[in-house]
Amino acid sequence: MGRLFGTDGARGIANTELSCELAMKIGRAAAMVLTENLSHKPKVLIGMDTRASSHMLCSAISAGLCSVGADVLILDVVPTPAVAFLVKEYGYDAGVMISASHNPCEYNGIKIFQYNGYKLPDELENEIEEIILDEAKVPPVVVGGEVGRVHFSESAVDDYIFHLAMTSDGNFKGMKIALDCANGSASVSARALFTRLGADCYIINETPNGVNINDKCGSTHIDQLQKFVLEKNCDIGFAFDGDADRVLIVDEKGELVDGDKIIAICAKYLKQNGQLNNNTAVVTVMSNMGFFKFCEDNGINCVKTKVGDRYVLEEMVANGYSIGGEQSGHIIFLDHATTGDGQMSAIQVLNVLKRTGRKISELADEMKVYPQVLINVRVSNFGKTRLEKDEEVQLAIKEASDELGGDGRVLVRVSGTEPLVRVMLEGKDYDKIKYLGECIAKVVEERLV
């Protein structure tokens with residue numbers, strides 16, 4: 011896969027790389043692939059984040075869907091997990107989310123969900139790519155009354171908020187929480203949700219204007235929330251990304267609690283309450299070595315997948331696991347949702363705080379983090395394809411791995427959503443892994459431009 015779709019849908023700079031023409035073709039091809047065996051008129055719902063380009067792309071996708079006879083329900087601005095929930099809740103045949111997640115406002119993307127709320131598997135994305143790029147099939151063209159129609163939802167956000175509220179263990183009265191909505195999708199739901207659950211809420215970055223999404227805020231710029239939590243003397247802070255499918259936490263001391271620690275906290279709690287299915291948590295190869303040690307110390311099995319929440323989810327569904335996710339804050343609670351959900355993850359953590367009576371810093375400190383260095387090296391799209399084949403790059407990786415031995419590890423991979431190679435090293439000696447990481451990054455930069 012990968013000509014149009016990366017690890018999280020199709021993504022690029024809106025109106026150039028991700029043009030209206032391409033969006034319309036994706037709409038037509040997706041409708042054909044997902045609904046060709048239906049005996050009824052196809053129904054597809056569309057949500058979006060707060061980017062200036064989202065409505066433009068929504069119009070293009072809607073046109074493509076309607077041209078092949080599918081009816082469209084536009085949800086307007088909602089979190090990505092709302093699309094995943096509502097496509098199943100409303101009985102629709104497919105769902106589309108227009109978002110580039112944590113990327114800057116000039117980017118946008120298209121994520122597609124099946125009728126059951128799960129993202130498309132690789133083989134269906136490949137079918138869509140083949141229709142668009144190789145003209146493997148020709149989407150039908152309908153006329154007259156067979157042309158699809160566009161409708162607008164007035165209850166989508168409220169229905170989604172009700173769903174999230176039902177996953178709480180009561181109310182959170184007496185808890186003082188901070189929320190950073192990243193000027194994104196959480197802006198339409200977070201205040202209403204957590205106020206409804208009784209928390210005393212302090213909120214920043216919930217006034218989107220089309221261009222300020224993820225702009226020095228949200229989960230990609232955690233420092234603003236760290237200062238805010240201390241300033242307001244909050245018990246905990248939650249930073250969402252642009253489409254609110256992931257969350258990072260700030261504890262009452264202003265310290266970061268990342269996705270690994272969130273999964274560790276919740277997995278241990280679920281285990282203690284007999285709710286950790288198959289006694290297993292699922293993470294990716296990017297998780298910190300400290301997470302694996304935490305699981306070992308607490309008798310929790312750990313399964314590792316390649317990077318991408320879609321692969322975590324595939325493993326969870328295949329084996330019935332209840333929790334999994336990524337260090338970046340994509341956390342999946344499969345008993346409640348079919349995709350990562352930042353606000354749901356926040357609720358599950360608040361459930362733990364309420365039931366245990368402990369501070370988030372105390373719970374987070376139970377997982378000791380190994381020093382980690384992550385260097386993002388910008389490369390060409392062609393350079394991304396040469397990573398595994400370039401002998402000098404591979405030699406630099408091997409030399410660093412040999413230097414660390416059993417006291418650390420090296421992981422170098424291409425980004426599934428950006429023209430980047432990510433160089434990650436972990437080990438006991440920060441200065442050593444920093445030096446070795448910079449050596450690898452220099453070779454990557456020289457060889458893969």
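For the sequence shown, the numbering used here assigns the number 11 to the initial residue and increments by one for each residue that follows.
Note that beta-carbon positions come from the ideal geometry of N, C-alpha and C, so glycine has one too.
According to DSSP, which residues form a beta bridge with residue i?
{"i": "Asp400", "result": "DSSP lists no partner for Asp400."}
{"i": "Gln382", "result": "Glu436"}
{"i": "Asp190", "result": "Ile214, Ala249"}
{"i": "Ile122", "result": "Val106"}
{"i": "Phe15", "result": "Ala20"}
{"i": "Val260", "result": "Gly247, Leu266"}
{"i": "Asn311", "result": "Thr290"}
{"i": "Ile206", "result": "Just to set this straight, residue 206 is Arg in the shown sequence, not Ile. Paired residue(s): none; Arg206 is not in a bridge."}
{"i": "Tyr331", "result": "Looking at the DSSP assignment, Tyr331 forms no beta bridge with any residue, so it has no partner."}
{"i": "Ile341", "result": "Gly335"}
{"i": "Tyr117", "result": "Ile23"}
{"i": "Asp86", "result": "Gly57"}
{"i": "Val93", "result": "For Val93, which the question treats as bridged, DSSP gives no partner whatsoever."}
{"i": "Asp233", "result": "For Asp233, which the question treats as bridged, DSSP gives no partner whatsoever."}
Determine the extent of the alpha helix (DSSP H) in which residue i is found, giving its start and end residues.
{"i": "Ala39", "result": "30-45"}
{"i": "Ile141", "result": "132-143"}
{"i": "Leu360", "result": "352-366"}
{"i": "Asp225", "result": "Careful: Asp225 lies outside any alpha helix (DSSP H) and carries neither H nor E."}
{"i": "Leu373", "result": "370-374"}
{"i": "Lys394", "result": "391-395"}
{"i": "Ser77", "result": "64-77"}
By Cβ distance, which residues of its chain are closer than 6 Å to residue i, with the 5 residues on each side in sequence left out?
{"i": "Met296", "result": "Val317, Gln337"}
{"i": "Thr348", "result": "Ala94, Gly127, Tyr128"}
{"i": "Phe304", "result": "Ala274, Met377"}
{"i": "Lys147", "result": "Ile141"}
{"i": "Ser411", "result": "Val420"}
{"i": "Gly447", "result": "Val383, Ile385, Val433, Leu435"}
{"i": "Lys438", "result": "Asp417"}
{"i": "Val424", "result": "Lys394, Leu397, Val431"}
{"i": "Leu414", "result": "Gly437"}
Just to confirm my understanding: we take residue i, look at its own chain, exclude 5 residues before and 5 after, and list those with CB closer than 7 Å. What are they?
{"i": "His346", "result": "Thr177, Met354"}
{"i": "Leu134", "result": "Val43"}
{"i": "Glu455", "result": "Val387"}
{"i": "Gly367", "result": "none"}
{"i": "Leu207", "result": "Ala175, Ser178, Asn181, Phe182"}
{"i": "Ile23", "result": "Glu116, Tyr117"}
{"i": "Ser64", "result": "Met58, Ile108, Asn118"}
{"i": "Thr205", "result": "Cys211"}
{"i": "Thr230", "result": "His112, Asn224, Asp251"}
{"i": "Val15", "result": "A small correction: the amino acid at residue 15 is Phe; Val does not occupy that position in the sequence shown. If we look at Phe15 and ignore the five residues flanking it on each side, its Cβ neighbours are Glu135, Glu139."}
Once you ignore the five residues that flank residue i on each side, which residues in its own chain have a CB closer than 8 Å to its CB?
{"i": "Leu280", "result": "Leu286, Ser332, Ile333"}
{"i": "Ser390", "result": "Pro429, Leu458, Val459"}
{"i": "Lys51", "result": "Gly79, Ala80, Asp81, Gly158"}
{"i": "Tyr440", "result": "Pro381, Val383"}
{"i": "Tyr102", "result": "Lys53, Val54, Leu55, Leu83, Leu96, Tyr125"}
{"i": "Cys76", "result": "Val82, Val157, Gly158, Arg159, Val160"}
{"i": "Thr294", "result": "Lys314, Thr315, Lys316, Val317, Gly318, Tyr321, Val322, Glu336, Gln337"}
{"i": "Gly228", "result": "His112, Asp190, Cys191, Ala192, Asn193, Gly194, Asn215, Ala249, Phe250, Asp251, Gly252"}
Can you check whether the CB of residue j is closer than 8 Å to the CB of residue i?
{"i": "Gly127", "j": "Phe95", "result": "yes"}
{"i": "Glu402", "j": "Val453", "result": "yes"}
{"i": "Ala277", "j": "Ala291", "result": "yes"}
{"i": "Ile342", "j": "Gly330", "result": "no"}
{"i": "Gly269", "j": "His161", "result": "no"}
{"i": "Val267", "j": "Ala166", "result": "no"}
{"i": "Gly426", "j": "Asp18", "result": "yes"}
{"i": "Phe123", "j": "Ala104", "result": "yes"}
{"i": "Lys394", "j": "Val362", "result": "no"}
{"i": "Ala188", "j": "Leu235", "result": "yes"}
{"i": "Gly300", "j": "Val379", "result": "yes"}
{"i": "Leu55", "j": "Tyr100", "result": "yes"}
{"i": "Glu262", "j": "Ser163", "result": "no"}
{"i": "Gly192", "j": "Asn219", "result": "For clarity, residue 192 is Ala in the given sequence; the question names Gly instead. No."}
{"i": "Leu83", "j": "Lys35", "result": "no"}
{"i": "Val97", "j": "Ile120", "result": "no"}
{"i": "Cys244", "j": "Lys186", "result": "yes"}
{"i": "Asn311", "j": "Asn283", "result": "no"}
{"i": "Val257", "j": "Gly352", "result": "yes"}
{"i": "Arg38", "j": "Leu28", "result": "no"}
{"i": "Arg61", "j": "Glu139", "result": "no"}
{"i": "Val198", "j": "Val327", "result": "no"}
{"i": "Pro89", "j": "Ala209", "result": "no"}
Between which two residues does the beta strand (DSSP E) harbouring residue i extend?
{"i": "Lys316", "result": "It is not in any beta strand (DSSP E) - Lys316 carries neither H nor E in the DSSP assignment."}
{"i": "Thr294", "result": "290-294"}
{"i": "Ile56", "result": "53-58"}
{"i": "Val422", "result": "418-424"}
Are the C-beta of residue i and some C-beta of chain C separated by less than 8 Å?
{"i": "Glu99", "result": "No chain C is present in this structure, which holds just one protein chain."}
Cβ of residue i versus every heavy atom of the ligand SAM: is any distance shorter than 7 Å?
{"i": "Ile213", "result": "Absent from the structure shown: the ligand SAM. Ligands present: none."}
Quiz prompt | alpha helix (DSSP H) runs wholly inside the stretch 158-188, at least 4 long, in chain order | solution = 166-175
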